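Take any residue in the sequence shown, note its place counting from 1, add 1, and you have its number in the working numbering.
Heads up, the beta-carbon is just placed ideally off N, CA and C, and yes, glycines get one too.
Since the model is a prediction, treat every value here as computed from it, not as a measurement.
Worksheet for the structure shown next.
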Amino acid sequence: MLKDQVFKVKVSRNHAECSCKKFVMCGILCRHAFCALTYYEVTKLPRNLVLNRWSKNSENAPSSIKLLGVSDDFKRMETTFLKQTNIWFSFQKSMNKVEVNLEKLAYVEKTVKQLVSDLGDDTYLSKKAHIEMLMGPHLREDLTIHVPKECSNKGSGLKRLVSAREKAIQNGNKQPRKCKLCDSTVHDARTCPNKNKACVDPNVDIIEDRPKKKKARVNPTVDITESDDDRVEGS
């Protein structure tokens with residue numbers, strides 16, 4: 002009983018199963034199963050309760066391969082790789098012995114050609130076949146479950162960082178600005194050194210940015226006329 006929970010344990014001489022499911026989730030036998038095995042006087046854990054990940058054999062393979070359950074296939078591929086390496090070293094050693102002897106080179110060439118013809122073309126494995134041999138059989142063609150459709154979350158979202166290489170490619174595709182007078186890309190028509198020369202030629206039109214003249218502000222004039230009554234009083 003733990004935190005007002007009661008766990009049920011099924012125990013035999015070769016197996017123990019607890020309702021807490023710790024062995025299923027973590028691969029470690031729980032204390033409830035230990036207690037039940039001790040009650041039945043089991044002094045040695047059954048082999049099916051000790052996973053390979055906790056044994057010494059797990060040190061020979063990466064953790065990702067162990068979790069996938071392909072440790073046997075990994076050992077076979079490792080043995081194959083070692084044999085291939087030894088064959089390459091043996092062949093290199095034999096070629097070093099041959100050196101520049103034409104008779105020995107002809108013998109090695111004849112032997113290699115005969116070996117290639119005996120093996121045939123079916124011994125070559127593609128990358129896909131190599132992965133299938135390591136990870137298991139290929140996927141079924143009649144799949145009914147597909148990848149879910151992407152949905153856009155609310156908000157601005159995150160944009161990926163553009164590398165310097167992509168920026169250079171994008172900037173390289175842009176059409177550079179050119180001078181209207183000499184088609185140069187380092188300046189424009191206003192700072193062109195040939196600007197004064199082009200002014201002499203009447204066939205060349207130059208557009209200059211001249212400062213605009215400010216218009217004089219005219220104050221409105223107000224005509225004030227004196228009435229006859231004001232003139233009488235003033236006089």
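Under a three-way DSSP split, which group does residue i fall into?
{"i": "LYS167", "result": "In the sequence on display, residue 167 carries Glu and not Lys. In this structure, GLU167 counts as helix in the three-state DSSP scheme."}
{"i": "SER153", "result": "coil"}
{"i": "LYS175", "result": "coil"}
{"i": "GLN6", "result": "coil"}
{"i": "HIS33", "result": "helix"}
{"i": "ASP143", "result": "coil"}
{"i": "CYS193", "result": "coil"}
{"i": "ASP119", "result": "helix"}
{"i": "LYS114", "result": "helix"}
{"i": "TYR41", "result": "coil"}
{"i": "GLU209", "result": "Annotation note: pLDDT 47 at GLU209 (below 50); position unreliable, coordinate value reported separately. Here GLU209 sits in coil by DSSP."}
{"i": "ARG161", "result": "coil"}
{"i": "VAL51", "result": "coil"}
{"i": "LEU46", "result": "coil"}
{"i": "CYS180", "result": "coil"}
{"i": "GLU105", "result": "Note on residue identity: the sequence assigns Lys, not Glu, to residue 105. Helix at LYS105."}
{"i": "VAL99", "result": "helix"}
{"i": "VAL25", "result": "helix"}
{"i": "SER91", "result": "helix"}
I'd like the list of long-range same chain contacts for residue i, defined as Cβ closer than 7 Å, with 5 residues on each side in sequence excluded.
{"i": "CYS19", "result": "PHE8, VAL10, CYS31, HIS33, ALA34"}
{"i": "CYS193", "result": "CYS180, LEU182, CYS183"}
{"i": "LEU52", "result": "GLY28"}
{"i": "LEU116", "result": "none"}
According to DSSP, residue i sits in a beta bridge with which residue or residues?
{"i": "ALA17", "result": "VAL12"}
Leaving aside the five residues before and after residue i along the sequence, list all residues of the same chain whose C-beta is less than 8 Å from its C-beta, in chain order.
{"i": "LYS84", "result": "none"}
{"i": "LYS179", "result": "SER185, THR186"}
CA-CA distance, residue i and residue j?
{"i": "LEU177", "j": "SER185", "result": "The question names Leu, but residue 177 in the sequence shown is Pro. C-alpha separation (whole angstroms): 10 Å."}
{"i": "LEU103", "j": "VAL163", "result": "57 Å"}
{"i": "ASN15", "j": "PRO47", "result": "5 Å"}
{"i": "VAL43", "j": "ALA37", "result": "9 Å"}
{"i": "LYS111", "j": "ARG77", "result": "32 Å"}
{"i": "LYS241", "j": "GLY121", "result": "Since the displayed the chain opens at 2 and closes at 236, residue 241 lies outside it and no answer follows."}
{"i": "SER13", "j": "SER56", "result": "23 Å"}
{"i": "LYS114", "j": "MET96", "result": "15 Å"}
{"i": "GLU167", "j": "LYS175", "result": "13 Å"}
{"i": "ASN154", "j": "ILE146", "result": "23 Å"}
{"i": "VAL148", "j": "MET26", "result": "26 Å"}
{"i": "ALA107", "j": "GLN93", "result": "16 Å"}
{"i": "TYR40", "j": "THR80", "result": "44 Å"}
{"i": "THR86", "j": "GLN171", "result": "45 Å"}
{"i": "ALA17", "j": "ALA165", "result": "59 Å"}
Just to confirm my understanding: we take residue i, look at its own chain, exclude 5 residues before and 5 after, and list those with CB closer than 6 Å. What are they?
{"i": "LEU50", "result": "LEU30"}
{"i": "PHE24", "result": "LEU30"}
{"i": "SER91", "result": "none"}
{"i": "ASN195", "result": "LEU182, CYS183"}
{"i": "LYS105", "result": "VAL99"}
{"i": "ALA190", "result": "CYS180, LYS181, LEU182"}
{"i": "HIS169", "result": "Here residue 169 turns out to be Ala, not His, going by the sequence shown. Same-chain partners within the cutoff: there are none."}
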